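Taken in sequence, the protein lines are chains Y and G. Per the numbering used here, the first sequence starts with residue 1, numbered consecutively. Per the numbering used here, the second sequence starts with residue 148, numbered consecutively. Even for Gly, the Cβ is constructed at its ideal location relative to N, Cα and C. This one's a predicted model, so the numbers in the text were calculated from it and none came from an experiment.
Protein chains: 2
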Amino acid sequence: MITASNAAKQDFLPVLRELVRAYQAFASFDANGYQGTGLTVPQADVLFTLGNTAGLSFKEIGESTLITKGTLTGVIDRLEDKSLVKRRVSNEDRRVTKVVLTKKGMRLFEEVFPRQISYIKKRFDLLSKAELAAIKKSLHRLHTIFS
Amino acid sequence: MITASNAAKQDFLPVLRELVRAYQAFASFDANGYQGTGLTVPQADVLFTLGNTAGLSFKEIGESTLITKGTLTGVIDRLEDKSLVKRRVSNEDRRVTKVVLTKKGMRLFEEVFPRQISYIKKRFDLLSKAELAAIKKSLHRLHTIFS
DNA sequence: TATTGTTATACTCTATAACTATA
DNA sequence: TATAGTTATAGAGTATAACAATA
Numbered sequence: 001m002i003t004a005s006n007a008a009k010q011d012f013l014p015v016l017r018e019l020v021r022a023y024q025a026f027a028s029f030d031a032n033g034y035q036g037t038g039l040t041v042p043q044a045d046v047l048f049t050l051g052n053t054a055g056l057s058f059k060e061i062g063e064s065t066l067i068t069k070g071t072l073t074g075v076i077d078r079l080e081d082k083s084l085v086k087r088r089v090s091n092e093d094r095r096v097t098k099v100v101l102t103k104k105g106m107r108l109f110e111e112v113f114p115r116q117i118s119y120i121k122k123r124f125d126l127l128s129k130a131e132l133a134a135i136k137k138s139l140h141r142l143h144t145i146f147s
Numbered sequence: 148m149i150t151a152s153n154a155a156k157q158d159f160l161p162v163l164r165e166l167v168r169a170y171q172a173f174a175s176f177d178a179n180g181y182q183g184t185g186l187t188v189p190q191a192d193v194l195f196t197l198g199n200t201a202g203l204s205f206k207e208i209g210e211s212t213l214i215t216k217g218t219l220t221g222v223i224d225r226l227e228d229k230s231l232v233k234r235r236v237s238n239e240d241r242r243v244t245k246v247v248l249t250k251k252g253m254r255l256f257e258e259v260f261p262r263q264i265s266y267i268k269k270r271f272d273l274l275s276k277a278e279l280a281a282i283k284k285s286l287h288r289l290h291t292i293f294s
């Protein structure tokens, strides 16, 4: 009889459940952090992507946030309605629209971003360095098997 | 100077990114598996929850899938429109509606569930037993810090 | 009074594909 | 022809709160 060196028959199902639960727990914790900002998660995602840049094209934002271009138009529209970003047609290539934070958007970014990071950091601080390293390695490995 | 035994200052940010990317990679892979079934992910989630049960109440389905009751009504409506489930008012407590798979729903469950599991298993089979165990432990630890 | 599920409201995001302007 | 972004289409899920039926 050959001993399997790979993962045994059905052992992955509990791991799958843990993946989903762990992510849901994080996502829900993260979303709670945006309470009172008026931002949805995708909107915050875009705001954080634009922070500390001189503006990015739709293409660049889409690549970073994994929001597809059709959806991104709507997300940017809603951020523009709140005067948090503005569109600027690029001079080099007039097909390209750069999205830039307004003063108001920059102020919101500077308020919400560090707060959200420290809010999340508090939970990661519960981990030892070794645990954090092990988790990073595990997540990276998971990422590779699904790519 | 006191040496920090917990996670160092900003080291958690890359881990956070890995968590999001790993989950997104899995979610997108998983969603691809439902191609051709006519099911959305939440619908498949409900179908899989109902499989091998004699029917569950909205409350039970909501607890298992983390779909809130208002949303669940719509999801069940769409599954009912496709004749995959039916509603049955409980005799014990007439406030309770049990959701039960129809014959058609059961056939779909029996076709899609094992296929989806084996589709995902192929990826987990790329892991050694030790890797799988480490990943499970990491995910569980992540889950606990966000709960 | 409390609980179960429904309904209504109002958004927000999703994928997909056709379309416009520009390169 | 190819690319960047917009628009149209058609869902689908979200939170929230008021509601009806039942306990």
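Looking at C-alpha atoms only, which residue of the options is the closest neighbour of residue i?
{"i": "Thr-220/G", "options": "Arg-288/G, Val-246/G and Phe-260/G", "result": "Val-246/G"}
{"i": "Val-243/G", "options": "Gly-202/G, Phe-271/G, Ala-280/G and Ala-169/G", "result": "Gly-202/G"}
{"i": "Arg-288/G", "options": "Leu-126/Y, Gly-51/Y and Ser-147/Y", "result": "Leu-126/Y"}
{"i": "Leu-39/Y", "options": "Leu-108/Y, Thr-102/Y and Asn-52/Y", "result": "Leu-108/Y"}
{"i": "Thr-71/Y", "options": "Ala-27/Y, Gln-43/Y, Gly-33/Y and Leu-13/Y", "result": "Gln-43/Y"}
{"i": "Gly-33/Y", "options": "Leu-13/Y, Gln-116/Y and Asp-81/Y", "result": "Gln-116/Y"}
{"i": "Thr-249/G", "options": "Pro-261/G, Asp-228/G, Asp-240/G and Glu-239/G", "result": "Asp-228/G"}
{"i": "Asn-199/G", "options": "Pro-261/G, Ala-280/G, Leu-286/G and Leu-279/G", "result": "Pro-261/G"}
Please report how far the alpha carbon of residue i lies from the alpha carbon of residue j, in whole angstroms.
{"i": "Lys-284/G", "j": "Leu-16/Y", "result": "12 Å"}
{"i": "Thr-144/Y", "j": "Lys-251/G", "result": "37 Å"}
{"i": "Tyr-266/G", "j": "Phe-48/Y", "result": "35 Å"}
{"i": "Met-106/Y", "j": "Ser-83/Y", "result": "11 Å"}
{"i": "Thr-215/G", "j": "Glu-207/G", "result": "11 Å"}
{"i": "Lys-122/Y", "j": "Ser-294/G", "result": "13 Å"}
{"i": "Arg-21/Y", "j": "Val-46/Y", "result": "25 Å"}
{"i": "Val-295/G", "j": "Val-232/G", "result": "With chain G covering 148 to 294 only, the question about residue 295/G has no answer from this structure."}
{"i": "Leu-19/Y", "j": "Leu-213/G", "result": "14 Å"}
{"i": "Lys-276/G", "j": "Phe-176/G", "result": "22 Å"}
{"i": "Glu-149/Y", "j": "Phe-271/G", "result": "The displayed coordinates of chain Y run from 1 to 147. Any statement about residue 149/Y would go beyond what the structure contains."}
{"i": "Asp-240/G", "j": "Gly-209/G", "result": "18 Å"}
{"i": "Pro-161/G", "j": "Ser-211/G", "result": "31 Å"}
Only counting the same chain, and skipping five residues up and downstream in sequence, which positions put a Cβ closer than 6 Å to that of residue i?
{"i": "Asp-11/Y", "result": "none"}
{"i": "Val-259/G", "result": "Thr-184"}
{"i": "Arg-88/Y", "result": "Lys-98 and Val-100"}
Ordered along the chain, which non-local residues of its own chain (more than five positions away) have a Cβ less than 7 Å from that of residue i?
{"i": "Ala-25/Y", "result": "none"}
{"i": "Thr-3/Y", "result": "Because Thr-3/Y sits at a pLDDT of 49, beneath the cut-off of 50, its placement in the model cannot be relied upon, and the following sentence gives the value as read from the coordinates. The answer is none, since no qualifying residue turns up."}
{"i": "Arg-225/G", "result": "Gln-190"}
{"i": "Leu-50/Y", "result": "Leu-56, Val-85, Val-99 and Leu-101"}
Kindly identify the DSSP beta-bridge partner or partners of residue i.
{"i": "Ser-138/Y", "result": "Answer is none; Ser-138/Y lacks a bridge partner."}
{"i": "Arg-254/G", "result": "For Arg-254/G, which the question treats as bridged, DSSP gives no partner whatsoever."}
{"i": "Thr-97/Y", "result": "Val-89/Y"}
{"i": "Ser-204/G", "result": "Lys-245/G"}
For residue i, I'd like the list of residues in its chain whose CB is within less than 8 Å of its CB, leaving aside the five on either flank, ordered along the chain.
{"i": "Ser-237/G", "result": "Ser-204, Val-243, Thr-244 and Lys-245"}
{"i": "Ile-282/G", "result": "Leu-274"}
{"i": "Ala-178/G", "result": "Val-188"}
- When you check each C-beta in the stretch 17-47 of chain Y against every C-beta of chain G, which residues fall closer than 7 Å? Glu-18, Leu-19, Arg-21, Ala-22, Tyr-23, Gln-24, Ala-25, Phe-26 and Phe-29
- Message: Counting only Cβ-Cβ distances shorter than 9 Å, please list the residues of the stretch 61-93 of chain Y near chain G, keeping chain order.
- Response: Leu-66
- Item | Residues in the stretch 120-133 of chain Y having any Cβ partner in chain G nearer than 8 Å | Ile-120, Lys-121, Arg-123, Phe-124, Asp-125, Leu-126, Leu-127, Ser-128, Lys-129, Glu-131 and Leu-132
- Task: Using a Cβ-Cβ cut-off of less than 8 Å, give me the residues of the stretch 102-113 of chain Y that come near chain G, in sequence order.
- Result: none
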